[in-house]
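Note that this note's numbering has the sequence shown beginning at 2, numbered continuously upward. First comes the structure, then the notes that go with it.
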Amino acid sequence: MAGDLADYARKNKINYFLFNFTDLFGTQRAKLVPAEAVGKMQKAGAGFAGFATWLDQTPAHPDLLVMPDPNSVTPLPWKPGVAWVAGDPWMNGKPLEQAPRYALKKLAEKYAKNNLRLMAGVEPEFHLINTDGSAPSDSRDTQEKPCYDQAAIMRRLDVITDICSTMTSLGWGPYQNDHEDANGQFEINWNFNDALTTADQLAFFKFMVKQIAEKHGLRATFMPKPFINLTGNGCHVHLSVWDKAGKKNLFEDAKDKEGMGLSGLAYNFIGGLINHADSLVAITNPTVNSYKRINAPRTISGATWSPNTVTFGGNNRTHMVRIPDAGRCEFRLPDPAANPYLLMAGILAAGMDGVEKKTSPGKRLDIDMYAEGHTVKDAKKLPLNLLDALRNLEKNSFLRGAIGEEVTSAFLKLRYAEWNQYCRHLTQWERDTTLDC
Ligand SMILES: [Mg+2]
């Protein structure tokens, strides 16, 4: 933690800072500020033209001034002398309502007043691919069931350990690395934290993984479904709500009659996720491609590992919400295309709505949803495409208001435009199936 960035630069031999913000599409934007000017820039902010980013601004809008949050400053161990600092864009003397990080901060502060603090750990999966993006980078990584493939992770040992050691040096506490269920797919797990810190770390993680992969002559992708026959990239989120001081896990209750070690508050939080899932999905799975991961047909490995229905179960990975352990739940819907800040804000808003309204999550299911999902008649289905998800979010006035009317309206407007752009593409599939109609 560093209050004064000039002081931080002197103590940590930093020559340059990336004054960063994440726009609505999750794109990382930055200006490179030399240490000699950082004192002045920390007070004044770094200037950006908002229209040049995904923030729903016009070319006529005044400068966005990105004010760095010194709590987030992180050195780049793979590029000594440079540090990254997440910031909040301001305009006309106040924070920009359309900025996702600001939306999360406001929501977290609101619940902190009620002594409630969302804690989250994320599992962003990624593929290591060729630089042209056409295939997994390791041509020998071809097993039908490649999960935990020891030989394949050894062939990528240099890059995976480079990322993991970097995280260790940053104090994130990574504790396991694995080859995942698709050829060329990996996952690194690290300690959970409060929602804002985890969102900053997720933004930084994606940047770091891509940078380090590039250093090794590879390319990393977090695209939800980069290869149609292989398991896609998820970003499972492990959730619990604690008191503000971080002393007590309010999700934990040893006397849970269901035997899962969850409190009434935890069940209500899950109830909120379930109640809002079919519109929250526009935020947790925000791209056209996201819908090729959820609702997908079986992959070569045998399962998609992503939910197709809005259900919860015990320690059962075929449901949207899994209870892996006492005192926490795993939300398996999100993918790593989600904006890290909107992802946490959406989860917080939906879950806390469940807590406030004492929403029941419904019946716990202990079946294999992939094989027996058709036997469940009353469970809500997830939308089949981005357009349906966006329409659901647009209709969900509670969620829009809770996350922030300005930020969700801007998000919807830009994503609708993206959907329309997608529809203007003529695909090979259409030609193949319709040319002779
Ligand atoms: Mg995984």
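The C-beta atom is built at its ideal place from N, Cα and C for all residues, glycine as well. All values reported here derive from a predicted model rather than from experimental measurement.
First through last residue of the alpha helix (DSSP H) which encompasses residue i
| i | result |
| --- | --- |
| Gly402 | Ser398 to Ile404 |
| Phe270 | Gly265 to Thr285 |
| Lys358 | Pro341 to Lys358 |
| Gln212 | Ala196 to Lys216 |
| Glu98 | Segment: none, Glu98 is in no alpha helix (DSSP H) and carries neither H nor E. |
| Glu373 | Met370 to Glu373 |
Residue i, enclosing beta strand (DSSP E) - first and last residue
| i | result |
| --- | --- |
| Gln186 | Gln186 to Asn190 |
| Ala153 | Element bounds for Ala153: not the beta strand (DSSP E) but the alpha helix (DSSP H), Gln151 to Arg156. |
| Pro90 | Val83 to Met92 |
| Gly48 | Ala47 to Phe49 |
| Ala31 | Gln29 to Pro35 |
| Val123 | Arg118 to Pro125 |
| Arg220 | Arg220 to Thr222 |
Integer Cβ distance of residue i from residue j, believed to fall under 8 Å
| i | j | result |
| --- | --- | --- |
| Leu117 | Pro90 | With a Cβ gap of about 27 Å, Leu117 and Pro90 do not count as contacting. |
| Gly328 | Glu253 | 3 Å |
| Gln99 | Leu25 | 7 Å |
| Leu344 | Asp279 | Actually they do not touch by this definition, with Cβ atoms about 16 Å apart. |
| Leu349 | Leu119 | 5 Å |
Sequence-distant residues of its chain with Cβ nearer than 6 Å to residue i (five each side left out)
| i | result |
| --- | --- |
| His62 | Gly51 |
| Asp257 | Leu263 |
| Ala441 | An answer regarding residue 441 cannot be provided, because it is not within the stretch 2 to 438 covered by the chain. |
| Lys359 | Asn269 |
| Pro362 | Tyr268, Ile271, Gly272, Ile275 and Phe313 |
| Phe412 | Leu25 |
| Gly352 | Phe270, Gly273 and Leu274 |
| Pro96 | Asp89 and Tyr103 |
| Leu394 | Ser280 and Ala283 |
Coarse secondary structure for residue i, derived from DSSP in three states
| i | result |
| --- | --- |
| Gln422 | helix |
| Glu110 | helix |
| Cys438 | coil |
| Lys382 | strand |
| Cys330 | strand |
| Lys245 | coil |
| Asp179 | strand |
| Pro71 | helix |
| Ile161 | helix |
| Glu253 | strand |
| Asn13 | helix |
| Asn290 | helix |
| Phe412 | helix |
| Asn316 | coil |
| Asn393 | helix |
| Thr132 | coil |
| Phe18 | strand |
| Thr305 | coil |
| Thr169 | helix |
Proximity of residue i and residue j at Cβ, strictly below 9 Å
| i | j | result |
| --- | --- | --- |
| Phe448 | Val210 | Nothing in the structure corresponds to residue 448, since the chain is present only between 2 and 438. |
| Met224 | Asn309 | no |
| Ala87 | Gly40 | no |
| Ile161 | Asn178 | yes |
| Ile284 | Asn340 | yes |
| Asp182 | Thr232 | yes |
| Lys12 | Pro81 | no |
| Pro147 | Leu203 | no |
| Pro325 | Val238 | no |
| Asp195 | Ser73 | no |
| Glu431 | Val289 | no |
| Ile189 | Cys165 | yes |
Cutoff 7 Å; reference residue i; Cβ partners in own chain excluding five residues on either side
| i | result |
| --- | --- |
| Ala31 | Leu19, Phe20 and Asn21 |
| Phe399 | Asp354 |
| Phe205 | Thr75 and Trp85 |
| Asn317 | Arg323 and Asp367 |
Own chain partners of residue i with C-beta closer than 8 Å, once the 5 adjacent residues on each side are dropped
| i | result |
| --- | --- |
| Ser302 | Glu145, Lys146, Pro147, Cys148, Asp182, Ala183, Leu231 and Thr232 |
| Val322 | Ile271, Leu274, Ile275, Thr312, Phe313, Gly314, Cys330, Glu331, Phe332, Arg333 and Pro362 |
| Tyr292 | Asn286, Pro384, Leu385, Asn386, Leu387 and Ala390 |
| Leu251 | Leu117, Ser241, Val242, Trp243, Asp244, Ser264, Leu266 and Ala267 |
Chain D within 9 Å of residue i, Cβ atoms only
| i | result |
| --- | --- |
| Ala153 | Looking at the structure shown, chain D is missing, and only one protein chain is on hand. |
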